[in-house]
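Only one structure is covered here, and it is reproduced in the block below.
Residue numbers (full-length UniProt numbering): 1 to 469.
Structure, rendered in structure tokens:
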């Protein structure tokens with residue numbers, strides 16, 4: 001198991017697969033263990049959080065080294081202390097193909113330990129890959145009988161995942177970070193090995209506010225977002241703050257399940273919302289709202305939704321986890337091709353999925369849409385699909401959680417992002433399936449003209465005039 005992290009961003013005590021070439025590690029993890037993972041507290045994290053593949057590689061190393069010493073760990077530690085782990089590793093490599101053994105085990109994982117899976121989803125276009133993978137056969141392709149289950153909102157998705165009712169779930173990209181930290185729920189280590197969509201959201205205003213296109217006119221407005229720990233909340237806060245409004249003082253932000261956004265706009269309970277589609281386009285379709293701005297114009301390429309699961313799912317069912325991740329990434333890459341979007345729109349429109357008119361979904365997925373202001377816009381990447389979970393995106397989300405007071409105390413942004421966002425797993429699967437994946441996991445991002453440097457998250461948080469952090 002990887003190290004867990006508390007709500008202050010500190011790496012805390014957990015059991016771990018120790019380094020078999022170190023005399024400091026007791027592979028028994030008993031009372032006399034000297035490894036960092038079994039100490040009472042850890043102030044600094046491991047340089048790189050282990051992916052599930054790395055865990056399996058370490059398990060192979062441990063099994064081989066322990067067998068050399070007849071499973072006598074005192075003898076192993078004594079030898080390592082006298083001659084050094086590097087010497088032992090070199091000697092072992094000369095007589096045993098350790099690297100080949102690790103690669104063979106990773107490449108020859110058996111069939112899924114569990115084939116019948118329940119996967120939760122909230123009915124929005126961001127969930128397209130998770131939803132379409134059922135009717136279009138992606139789960140079946142990898143030996144899974146996965147049922148996708150429509151879920152009313154994000155709090156329900158979180159609670160059903162925590163309770164074990166869902167094996168894995170469609171989640172908002174901030175959610176597994178928050179759940180790992182214990183922000184808004186009990187602390188439970190979660191992993192996010194794949195992003196579902198990038199872009200794909202919008203700020204919608206009621207037609208009553210056609211004369212208030214300038215955000216400085218929004219004082220006193222009430223906006224809906226689908227969940228506190230959402231890109232929608234953090235992008236809305238960022239956007240209005242850049243126009244000089246304090247989102248905790250000058251406007252009201254209410255959590256509204258996505259399927260209820262349109263009804264609340266029509267009833268006058270909301271002046272606007274920053275919501276997932278198809279509910280932005282549905283407001284235009286019903287003639288009650290207009291699209292003020294797409295979120296891609298706030299941050300081009302921002303992440304939104306993701307595939308997430310408890311860490312225990314990957315460690316206890318590694319074959320199932322691998323098969324499910326392949327299904328999701330393969331479906332995500334299929335959705336990334338604009339030529340497939342009309343076919344996908346028909347597949348996810350039925351009642352048990354999005355329950356929306358096909359033309360509404362097509363307008364979102366194809367990017368040719370009515371804006372509610374009398375124009376037809378053509379924005380092919382209004383929504384796009386890219387599975388790679390950039391660690392830098394995770395760090396940005398954590399800076400906004402810190403900025404707005406959702407987490408307190410010192411935060412090890414890098415450690416949290418790398419524990420939760422399993423970029424190594426995603427890269428391996430993408431490469432295995434023949435897709436290109438980045439060789440790095442950090443990059444700078446530009447949000448409303450301001451560059452975010454993931455190497456200085458604390459400086460970034462303190463650079464804003466409006467905020468709590």
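Each residue gets a CB set at the ideal place from its N, CA and C atoms; glycine is no exception.
Expected contact under 8 Å - CB spacing of residue i and residue j to nearest Å
{"i": "residue 315", "j": "residue 129", "result": "Not confirmed; about 24 Å, so no contact."}
{"i": "residue 271", "j": "residue 221", "result": "4 Å"}
{"i": "residue 360", "j": "residue 278", "result": "5 Å"}
{"i": "residue 275", "j": "residue 258", "result": "6 Å"}
{"i": "residue 401", "j": "residue 176", "result": "No, residue 401 and residue 176 are not in contact; Cβ-Cβ is about 12 Å, not under 8 Å."}
{"i": "residue 168", "j": "residue 388", "result": "About 18 Å separates the two Cβ atoms, so there is no contact after all."}
{"i": "residue 301", "j": "residue 198", "result": "5 Å"}
{"i": "residue 65", "j": "residue 21", "result": "7 Å"}
{"i": "residue 325", "j": "residue 425", "result": "6 Å"}
Reduced DSSP secondary structure (H/G/I, E/B, other) of residue i
{"i": "residue 374", "result": "coil"}
{"i": "residue 302", "result": "coil"}
{"i": "residue 38", "result": "Bear in mind that a pLDDT of 39 at residue 38, under 50, signals an unreliable position, so the model cannot answer this."}
{"i": "residue 442", "result": "coil"}
{"i": "residue 453", "result": "coil"}
{"i": "residue 124", "result": "coil"}
{"i": "residue 110", "result": "coil"}
{"i": "residue 118", "result": "strand"}
{"i": "residue 397", "result": "helix"}
{"i": "residue 402", "result": "helix"}
{"i": "residue 350", "result": "coil"}
{"i": "residue 44", "result": "A caution first: residue 44 carries a pLDDT of 30, below 50, which makes its placement in the model too unreliable to give a value."}
{"i": "residue 369", "result": "strand"}
{"i": "residue 464", "result": "coil"}
{"i": "residue 407", "result": "coil"}
{"i": "residue 344", "result": "helix"}
{"i": "residue 288", "result": "coil"}
{"i": "residue 30", "result": "At residue 30 the pLDDT is 40, less than 50, meaning the model places this residue with poor confidence; the figure from the coordinates comes in the next sentence. Here residue 30 sits in coil by DSSP."}
{"i": "residue 19", "result": "coil"}
{"i": "residue 437", "result": "coil"}
{"i": "residue 309", "result": "strand"}
{"i": "residue 154", "result": "helix"}
{"i": "residue 317", "result": "coil"}
{"i": "residue 356", "result": "coil"}
{"i": "residue 333", "result": "helix"}
{"i": "residue 105", "result": "Summary for residue 105: the model assigns pLDDT 46, below 50, so the residue's position carries little reliability; its value from the coordinates is reported in the next sentence. Residue 105: helix per DSSP, three-state reduction."}
{"i": "residue 135", "result": "coil"}
{"i": "residue 84", "result": "coil"}
{"i": "residue 425", "result": "helix"}
{"i": "residue 142", "result": "coil"}
{"i": "residue 412", "result": "coil"}
Selected residue, minimal CA-CA separation from residue i, among the options
{"i": "residue 242", "options": "449, 459, 456", "result": "449"}
{"i": "residue 304", "options": "319, 344, 385, 318", "result": "385"}
{"i": "residue 409", "options": "166, 146, 23, 181", "result": "181"}
{"i": "residue 380", "options": "345, 400, 341, 407", "result": "341"}
{"i": "residue 406", "options": "327, 329, 184", "result": "184"}
{"i": "residue 420", "options": "403, 253, 440, 390", "result": "390"}
{"i": "residue 140", "options": "308, 234, 320", "result": "320"}
{"i": "residue 423", "options": "251, 165, 392", "result": "392"}
{"i": "residue 224", "options": "403, 114, 216, 252", "result": "252"}
{"i": "residue 208", "options": "231, 269, 234", "result": "269"}
{"i": "residue 438", "options": "76, 427, 445, 432", "result": "427"}
{"i": "residue 294", "options": "335, 370, 443", "result": "370"}
{"i": "residue 297", "options": "194, 203, 212", "result": "203"}
{"i": "residue 131", "options": "171, 348, 299, 210", "result": "348"}
{"i": "residue 397", "options": "119, 414, 383", "result": "414"}
{"i": "residue 219", "options": "158, 230, 240, 24", "result": "240"}
{"i": "residue 133", "options": "265, 330, 281, 282", "result": "330"}
{"i": "residue 362", "options": "344, 312, 213", "result": "344"}
{"i": "residue 122", "options": "353, 214, 335", "result": "353"}
{"i": "residue 160", "options": "357, 114, 144, 179", "result": "179"}
{"i": "residue 235", "options": "374, 261, 201, 260", "result": "201"}
{"i": "residue 327", "options": "115, 91, 291", "result": "115"}
{"i": "residue 313", "options": "188, 452, 172, 85", "result": "188"}
{"i": "residue 323", "options": "117, 80, 85", "result": "117"}
{"i": "residue 206", "options": "238, 351, 281", "result": "281"}
Opposing strand residues paired with residue i [DSSP bridges]
{"i": "residue 293", "result": "203"}
{"i": "residue 419", "result": "Note: residue 419 sits in no beta bridge, so no partner."}
{"i": "residue 148", "result": "119"}
{"i": "residue 383", "result": "199"}
{"i": "residue 447", "result": "450"}
Residue-chain proximity (residue i, chain C), Cβ-Cβ < 9 Å
{"i": "residue 204", "result": "Checking the listed chains, one finds no chain C in this structure; it contains a single protein chain."}
Exercise. Of all the beta strand (DSSP E) runs that stay within the bounds of the region 233 to 283, which reach a length of 3 or more residues?
Worked result: Entirely contained in the region 233 to 283, the beta strand (DSSP E) runs reaching 3 residues are, in chain order, 252 to 255, 272 to 276.
Problem set entry | Uninterrupted alpha helix (DSSP H) stretches inside the region 164 to 235 (no shorter than 4 residues) | Within the region 164 to 235, the complete alpha helix (DSSP H) runs of at least 4 residues are 174 to 181.
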